[in-house]
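In the UniProt record's numbering, the protein residues as written are 1 to 180.
What follows is a single structure, written as structure tokens, with notes after it.
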């Protein structure tokens, strides 16, 4: 059940990342990567039982690492039939970058960043829409008030006060709409 939930979360993050990259063909995590939650999910327990230097070594750690290594070699052998093998330096570079991603959890944060970036993109587009509407209203206001040049200063002050009140009312209305 946990693995299914994990795959659903990966699918959700993949959809968000694909949407940001405008690659709508990628809908699930398995579209991007060959992944079977039952075969390709590994939990490696901690090396130590307790606090070093007096802690015992966890026997389950070595067994799980050995199983993982065997599984990885088996997967590479199966993959050899599908794709031609790469050179050993390329493989070492790939495993090194994979290890760094796991060690520093970069892959998790980049998914989180894509979700944040998606939210930021939506916020920017909404802001631009509001900004455009405000500029449009301001321009229409200027055009409609163009004939006011010949009026007296007191009537222009009254008009200015009236326009300020309308602007404040519009800002309040938009602010309430945003917060709801």
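Just so it is clear, CB atoms sit at the ideal spot from N, CA and C, and this is done for glycine as well.
Residue i in three-state terms, based on DSSP
i, result
"residue 56", "strand"
"residue 132", "helix"
"residue 163", "helix"
"residue 48", "strand"
"residue 101", "helix"
"residue 34", "coil"
"residue 168", "helix"
"residue 12", "helix"
"residue 66", "helix"
"residue 28", "coil"
"residue 42", "coil"
"residue 109", "For residue 109, the predicted model reports a pLDDT of 48, less than 50, meaning its position is unreliable and no value from the coordinates is stated."
"residue 87", "coil"
Under 9 Å between C-beta atoms of residue i and residue j
i, j, result
"residue 20", "residue 101", "no"
"residue 29", "residue 14", "yes"
"residue 163", "residue 131", "no"
"residue 27", "residue 11", "yes"
"residue 177", "residue 137", "no"
Proximity to residue i [Cα-Cα], best of the options
i, options, result
"residue 38", "14, 4, 99", "4"
"residue 6", "35, 23, 24", "35"
"residue 174", "79, 126, 78, 55", "126"
"residue 76", "59, 95, 60, 62", "95"
Nearest-angstrom Cβ-Cβ length linking residue i and residue j, presumed shorter than 8 Å
i, j, result
"residue 52", "residue 64", "At roughly 19 Å, the Cβ-Cβ gap does not stay under 8 Å, so residue 52 and residue 64 are not in contact."
"residue 57", "residue 47", "6 Å"
"residue 24", "residue 17", "Residue 24 to residue 17, Cβ: 12 Å. No contact."
| Should the stretch 56-72 be called in touch with the stretch 83-91, which here means at least 3 C-beta pairs below 8 Å? | Touching, no.
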